[in-house]
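Residue numbers (full-length UniProt numbering): 1 to 318.
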């Protein structure tokens, strides 16, 4: 059974937390409902149901931790989906429930977002300017205080991969490194990207030893993956029309997919070429239209937070 929780205020990325209007909120709600129907049609064992009501949860209700997600591809059991309607920072209701059932609860440093966090003279003129600045490790955010977006991280067992971007700084990365050490390693990777902001439309791990790598934004540390025996897959050019409205996003949201398990992936119904790519890899596609959500900023991976996946912790790099 796949449990789907809906929270107003987004999931991995800050872009999902902006209120654009009730019309878009209803559209995202419809996406969740269509997602449930799609999952029901693909497997009788994967029944999606939305839990919006409060649950009566007692302490130590179960032995296993209710929050456990080591990889991006293990069988998905519970997921949070962001809603745009009445978007806000959600209350701690869900976290309290998980905590009572045995989960650890950690809150990352909340940035003050003062003027010192931003380079007031950061030039936003041309793509060439931003390419040069990104190559020098300069972004609109400074190192005044820790800040990061969860969508700048990718998981592969004991190894986490993160990029320094416009929204994630080195202090935020170092906070994560110290917090997770020594059990996990945090690797900083970078790309030929003039405006890095969220890694999951540039570098998306879809299986053990299998990663999607954006051909327009090559990874500068790709040899690390090749030496470990990983297969690097370059997704096809997105099919989204030029006139489709996008907000702080690119057409490469086509590769912003959500793995349901190693052999099933949720992908945009309009992106037929990437569907064929997945099928050639032996991965079945669950097709759902998400173009309306793309306009808000983000794809399947951005709009969801996988709370629990059924898997074990291991290392895929030696």
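Yeah, the Cβ is synthetic: ideal placement off N, Cα and C, and Gly gets one too.
Residue i to residue j span [Cα, whole Å]
{"i": "residue 2", "j": "residue 137", "result": "40 angstroms"}
{"i": "residue 176", "j": "residue 186", "result": "8 angstroms"}
{"i": "residue 94", "j": "residue 132", "result": "43 angstroms"}
{"i": "residue 257", "j": "residue 118", "result": "31 angstroms"}
{"i": "residue 106", "j": "residue 99", "result": "10 angstroms"}
{"i": "residue 154", "j": "residue 259", "result": "13 angstroms"}
{"i": "residue 192", "j": "residue 224", "result": "16 angstroms"}
{"i": "residue 188", "j": "residue 318", "result": "17 angstroms"}
{"i": "residue 172", "j": "residue 146", "result": "4 angstroms"}
{"i": "residue 64", "j": "residue 70", "result": "14 angstroms"}
{"i": "residue 242", "j": "residue 281", "result": "28 angstroms"}
{"i": "residue 4", "j": "residue 128", "result": "42 angstroms"}
{"i": "residue 262", "j": "residue 120", "result": "44 angstroms"}
{"i": "residue 41", "j": "residue 267", "result": "Note that residue 41 has pLDDT 44, beneath the 50 cutoff, so the model's placement of it is unreliable and the number below is only indicative. Their Cα atoms are separated by approximately 15 angstroms."}
{"i": "residue 144", "j": "residue 111", "result": "9 angstroms"}
{"i": "residue 393", "j": "residue 66", "result": "Since the first and last residues shown for the chain are 1 and 318, residue 393 lies out of range."}
{"i": "residue 253", "j": "residue 96", "result": "33 angstroms"}
{"i": "residue 68", "j": "residue 141", "result": "31 angstroms"}
{"i": "residue 208", "j": "residue 166", "result": "29 angstroms"}
{"i": "residue 222", "j": "residue 181", "result": "23 angstroms"}
{"i": "residue 235", "j": "residue 307", "result": "27 angstroms"}
{"i": "residue 228", "j": "residue 139", "result": "31 angstroms"}
{"i": "residue 316", "j": "residue 152", "result": "20 angstroms"}
{"i": "residue 233", "j": "residue 122", "result": "34 angstroms"}
{"i": "residue 194", "j": "residue 245", "result": "20 angstroms"}
{"i": "residue 178", "j": "residue 158", "result": "14 angstroms"}
{"i": "residue 255", "j": "residue 269", "result": "12 angstroms"}
Exposure label - residue i; buried when at least 16 CB within 10 Å
{"i": "residue 301", "result": "buried"}
{"i": "residue 45", "result": "With a pLDDT of 36 at residue 45, under the threshold of 50, the modelled position of this residue cannot be trusted, and the question is left open."}
{"i": "residue 238", "result": "buried"}
{"i": "residue 52", "result": "Note that residue 52 scores 35 on pLDDT, short of 50, meaning its location in the model is unreliable; the coordinates nonetheless yield the value given after this. Exposed, because fewer than 16 other Cβ atoms sit within 10 Å of the Cβ of residue 52."}
{"i": "residue 305", "result": "buried"}
{"i": "residue 277", "result": "buried"}
{"i": "residue 274", "result": "buried"}
{"i": "residue 113", "result": "exposed"}
{"i": "residue 285", "result": "buried"}
{"i": "residue 135", "result": "exposed"}
{"i": "residue 92", "result": "exposed"}
{"i": "residue 204", "result": "buried"}
{"i": "residue 86", "result": "exposed"}
{"i": "residue 247", "result": "exposed"}
{"i": "residue 115", "result": "exposed"}
{"i": "residue 125", "result": "exposed"}
{"i": "residue 321", "result": "The structure shown does not extend to residue 321, since the chain is modelled only from 1 to 318, so the question has no answer here."}
{"i": "residue 24", "result": "A caution first: residue 24 carries a pLDDT of 32, below 50, which makes its placement in the model unreliable, though a value can still be read off. The residue in question, residue 24, is buried, as its Cβ has 16 or more Cβ neighbours within 10 Å."}
{"i": "residue 183", "result": "exposed"}
{"i": "residue 108", "result": "exposed"}
{"i": "residue 72", "result": "buried"}
{"i": "residue 217", "result": "buried"}
{"i": "residue 303", "result": "buried"}
{"i": "residue 264", "result": "buried"}
{"i": "residue 271", "result": "buried"}
Residue range of the alpha helix (DSSP H) that includes residue i
{"i": "residue 176", "result": "170 to 180"}
{"i": "residue 125", "result": "Premise fails: residue 125 is in no alpha helix (DSSP H) and is neither H nor E."}
Residue range of the beta strand (DSSP E) that includes residue i
{"i": "residue 79", "result": "76 to 83"}
{"i": "residue 100", "result": "Segment 93 to 100 is the alpha helix (DSSP H) holding residue 100; no beta strand (DSSP E) there."}
{"i": "residue 197", "result": "Neither: residue 197 is in no beta strand (DSSP E) and is coded neither H nor E."}
{"i": "residue 212", "result": "210 to 213"}
{"i": "residue 186", "result": "185 to 188"}
{"i": "residue 160", "result": "159 to 162"}
{"i": "residue 307", "result": "304 to 309"}
{"i": "residue 156", "result": "153 to 156"}
Chain B contact for residue i (CB, 9 angstroms cutoff)
{"i": "residue 291", "result": "Of the protein chains in the structure, only one exists, and it is not chain B."}
Given 8 angstroms, three or more beta-carbon pairs between the region 189 to 199 and the region 153 to 170: yes
Secondary structure, beta strand (DSSP E): runs of 3+ residues fully inside the region 220 to 296: 231 to 233, 258 to 261, 264 to 268, 284 to 288
Any 3 or more C-beta pairs closer than 8 angstroms across the region 284 to 299 and the region 205 to 221: no
Inter-stretch contact at 8 angstroms, needing at least 3 Cβ pairs: the region 284 to 292 / the region 308 to 316: no
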